[in-house]
Amino acid sequence: MAQGQYNDSNQKVVPQAKQALEQFKYEVANELGIQTPADGYWGTLTSRDCGAVGGHMVKKMIQQAEQTLMNKGGKL
-7 MAQGQYNDSN QKVVPQAKQA LEQFKYEVAN ELGIQTPADG YWGTLTSRDC
43 GAVGGHMVKK MIQQAEQTLM NKGGKL
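Below, the structure is given as structure tokens:
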């Protein structure tokens, strides 16, 4: 693949969630004090910053899932 091309080969389980996840990414970056790109291109950020955003997103999603399970009494 040529440099600069983006191939989104990951299939979304819930395609309608794409916008919510995009918003969530910006919220997490803001919480971490990472300057988000105004044009939506994250390629100018460091790998460390992008990794921190992704890592914190996963951490928060796991916490939310655990809380949901606790509220349901641990039943799936």
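The opening position of the sequence shown corresponds to residue -7 in my numbering, with each subsequent residue numbered one higher. Think of the CB as a built atom: it goes at the ideal place given N, C-alpha and C, for glycine as much as any other residue.
So, is residue 54 buried or exposed, given that buried needs 16 or more other C-beta atoms within 10 angstroms? exposed
According to DSSP, is residue 29 part of a helix, a strand, or is it coil? In the structure shown, residue 29 sits in coil (DSSP, three-state: anything other than H, G, I, E or B).
Residues in its own chain within less than 8 Å of residue 48 by CB, not counting five upstream and five downstream? 20, 23, 24
Whole angstroms are fine: how far does the CA of residue 28 sit from the CA of residue 36? 10 Å
Residue 45 and residue 17 closer than 9 Å at C-beta: yes
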